[in-house]
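> Numbering (our numbering), first residue to last: 2 to 473. Just so it is clear, CB atoms sit at the ideal spot from N, CA and C, and this is done for glycine as well. Have a look at this one before I ask anything.
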């Protein structure tokens with residue numbers, strides 16, 4: 002605006018000066034007046050043209066500076082070019098900001114923690130997929146909904162009303178049931194101008210682990226305290242009272258029994274610790290499964306004979322059914338033997354005297370192998386089946402202690418099965434006996450009687466270890 006006024010003043014000064022020179026210096030009054038009018042007309046016409054260009058540029062800028070850009074010479078052309086440069090710069094910055102925002106949102110989507118952004122009054126502005134799974138949100142239809150309208154747990158509502166941040170609260174998840182509990186920790190964090198960030202985390206596994214740890218410590222303490230109490234009582238009795246040789250022998254036998262029970266418990270605990278801390282067995286060791294099952298059956302017969310003699314009853318009928326005599330397993334012989342022996346030992350201890358225990362070995366239709374132990378014992382109720390592999394879990398605690406069990410046998414079997422890629426299958430009903438089966442995968446099984454034995458042995462062979470500098 003200033004430069005245009007300046008140009009107008011200068012043009013008028015020039016016009017007035019030229020008219021004055023013609024009129025008074027050259028005695029040409031008409032020529033001076035004409036010159037003055039021409040200069041004024043030129044100045045006014047230029048200003049009108051300049052304003053037209055300025056209006057076109059302004060209208061183009063108000064429309065968002067689309068293509069094509071208006072033709073504008075001189076200074077207005079520089080204004081147009083500068084505007085285009087600023088527009089490109091702003092677009093580039095906006096695009097970079099949008100890309101950063103997208104990366105940030107993708108990172109929040111990939112987070113294992115539920116994230117919900119709330120405005121000043123508690124309406125949801127954004128949430129990720131984990132939060133949607135935790136609370137059952139449906140985006141984007143739930144955007145703008147108040148958080149209390151969708152999460153109505155009393156603990157959560159109280160936490161929201163009290164405007165706490167701290168450690169948050171623990172509430173049940175959307176899919177929480179008594180059979181499959183889901184527990185969530187919920188925390189609020191203030192940000193921006195009165196807004197809040199809601200974070201949710203699934204702590205079901207953490208709470209279950211903590212519960213199992215407490216149960217494990219309590220069970221171990223209880224299992225060890227009982228024989229220690231018996232041993233202490235016998236020791237005090239033998240120290241304080243004069244006993245006959247027969248009484249001494251009887252007390253010493255009972256003390257040896259309790260010491261043997263503690264020794265078995267410690268051995269089982271060490272076995273579990275070893276299984277959890279060591280790498281999974283590879284395919285370098287081959288186990289002759291038929292011979293191993295026969296050996297475990299012989300050991301079970303010896304155990305049954307001892308138990309029958311102590312009780313004055315007839316021993317169990319224990320036999321093996323070998324349908325795959327040549328099958329081999331890639332894995333640890335000691336671990337597999339421990340798993341089969343535990344299954345047979347449980348079957349012998351829980352089956353009434355004179356009952357039948359059968360250990361079978363057969364090939365599965367998918368090329369795998371199954372080792373199963375079937376008994377004619379009292380069976381297990383269906384509600385106990387999901388938990389029988391937990392440490393120290395007992396269907397009948399009094400019966401378990403009478404038979405000398407530690408409550409860790411099936412937990413050891415489950416760990417050994419997992420380390421060999423096998424599945425522990427349990428089929429049992431009260432009054433119909435029980436069947437515990439280990440289904441080993443085809444990758445760890447080799448049967449020379451199979452039509453694909455050549456291919457199996459090629460896949461079963463462990464990879465050779467290369468020499469230094471040698472490429473395989």
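On the three-state DSSP scale, how would you describe residue 402?
Note that residue 402 scores a pLDDT of 49, beneath 50, so its modelled location is shaky and nothing firm can be said.
> On the DSSP letters alone, give me the boundaries of the alpha helix (DSSP H) that residue 160 sits inside.
Its alpha helix (DSSP H) spans residues 155-162.
> Would you say residue 161 lies against chain D (beta-carbon separation less than 7 angstroms)?
Among the protein chains of the structure shown there is no chain D, as only one such chain exists.
> Quick check on residue 191: buried or exposed, where buried means 16 or more other Cβ atoms within 10 Å of its Cβ?
Flag for residue 191 reads exposed.
> Kindly give me the distance between the Cβ atoms of residue 409 and residue 423, rounded to whole angstroms, as I take these residues to be in contact under 8 angstroms.
The Cβ separation is near 19 angstroms, so there is no contact.
> Can you grab the Cα-Cα spacing for the pair residue 284 / residue 328, in whole Å?
For residue 284 and residue 328, the distance between alpha carbons rounds to 14 angstroms.
> Tell me which residues share the same chain as residue 536 and place their Cβ nearer than 8 angstroms to its Cβ, disregarding the 5 neighbours each side in the sequence.
Examination of residue 536 is not possible in this model, given that the chain is present from 2 through 473 alone.
> Report the rounded CA-to-CA distance for residue 445 versus residue 415, giving the unit in angstroms.
Whole-angstrom Cα-Cα distance: 17 angstroms.
> Helix or strand or just coil, what does DSSP make of residue 261?
The answer is helix: DSSP assigns residue 261 an H, G or I state.
> Among 122, 428 and 58, which residue has its Cα nearest to the Cα of residue 161?
When only C-alpha atoms are compared, the closest one is 122.
> Go through its chain and collect everything with a Cβ distance to residue 356's Cβ below 6 angstroms, but skip five positions before and after it.
So the qualifying residues of the chain are 317 and 377.
> For residue 290, count neighbouring C-beta atoms within 10 Å of its own C-beta (all shown protein chains included) and say buried if the count is 16 or more, exposed if not.
By the neighbour-count rule (16 or more Cβ atoms within 10 Å), residue 290 is buried.
> So, with DSSP's three-state summary, where would you put residue 194?
Note: residue 194 maps to coil in three-state DSSP.
> So residue 172 and residue 151 are in contact, right, with Cβ under 8 angstroms, and what is the actual spacing, rounded?
Residue 172 to residue 151, Cβ: 13 angstroms. No contact.
> Just the C-alpha distance for residue 268 and residue 417, rounded to the nearest angstrom, thanks.
Distance between the alpha carbons of residue 268 and residue 417: 15 angstroms.
> What residues are listed by DSSP as bridge partners for residue 360?
According to DSSP, which records beta bridges pairwise, residue 360 is partnered with 321 and 374.
> So for residue 389, helix, strand or coil by DSSP?
Three-state result, residue 389: coil.
> Considering only the alpha carbon of each residue, which of 67, 116, 82 and 212 lies closest to residue 392?
Residue 212 is the option with its Cα nearest to residue 392.
> Assuming the contact rule is C-beta atoms closer than 8 angstroms, residue 259 and residue 232 should be a hit. Round their C-beta distance to whole Å, please.
With 8 angstroms as the limit, residue 259 and residue 232 qualify as a contact, their Cβ atoms being about 5 angstroms apart.
> Closest to residue 295 by C-alpha separation, out of 435, 345 and 176, would be which residue?
Ranking 435, 345 and 176 by Cα distance to residue 295 puts 345 first.
> Tell me which residue opens and which closes the beta strand (DSSP E) that residue 420 is part of.
Here residue 420 belongs to no beta strand (DSSP E); instead the alpha helix (DSSP H) covers 410-420.
> Less than 8 angstroms between the CB atoms is what I'm expecting for residue 131 and residue 155, so what's the real figure, rounded?
Actually they are not in contact, since the Cβ atoms of residue 131 and residue 155 sit about 23 angstroms apart, beyond 8 angstroms.
> Around the C-beta of residue 93, are 16 or more other C-beta atoms found within 10 angstroms, so that it is buried, or is it exposed?
When all chains shown are included, residue 93 counts as exposed.
> Given residue 57, which residues of its chain have a CB within under 6 angstroms of its CB, disregarding the five upstream and five downstream residues?
Around residue 57: 71.
> Are the segment 229-245 and the segment 141-151 touching, with three or more C-beta to C-beta distances below 8 angstroms?
No, the segment 229-245 is not in contact with the segment 141-151.
> Could you tell me whether the Cβ atoms of residue 383 and residue 325 are closer together than 7 angstroms?
Cβ distance not < 7 angstroms, so residue 383 and residue 325 don't count as in contact.
> Let's see if you can read the secondary structure: which residues bound the beta strand (DSSP E) around residue 132?
Residue 132 -> not in any beta strand (DSSP E); alpha helix (DSSP H) instead, spanning 130-136.
> Measuring only the C-alpha atoms, how far is residue 358 from residue 447?
Roughly 27 angstroms between the two C-alpha positions.
> For residue 139, is the classification buried or exposed, using 16 other Cβ atoms within 10 angstroms of its Cβ as the cut-off for buried?
Result: exposed.
> Using the beta-carbon count (16 or more within 10 Å), is residue 388 buried or exposed?
Under this definition residue 388 is an exposed residue.
> With DSSP as the reference, please indicate the residues paired to residue 147 in a beta bridge.
The partner list for residue 147 (beta bridge, DSSP) reads 124.
> Per DSSP, which residues does residue 437 bridge with? Please list them.
Note: residue 437 sits in a beta bridge opposite 374 and 427.
> Tell me which residues share the same chain as residue 126 and place their Cβ nearer than 6 angstroms to its Cβ, disregarding the 5 neighbours each side in the sequence.
Here the set comprises 118 and 120.
> Could you give the DSSP three-state label for residue 354: helix, strand or coil?
Coil, per DSSP.
> Run through the segment 273-330 for me and flag every whole alpha helix (DSSP H) of 4 or more residues, listed as ranges in chain order.
For the segment 273-330, whole alpha helix (DSSP H) runs of length 4 or above, ordered along the chain, are 290-312.
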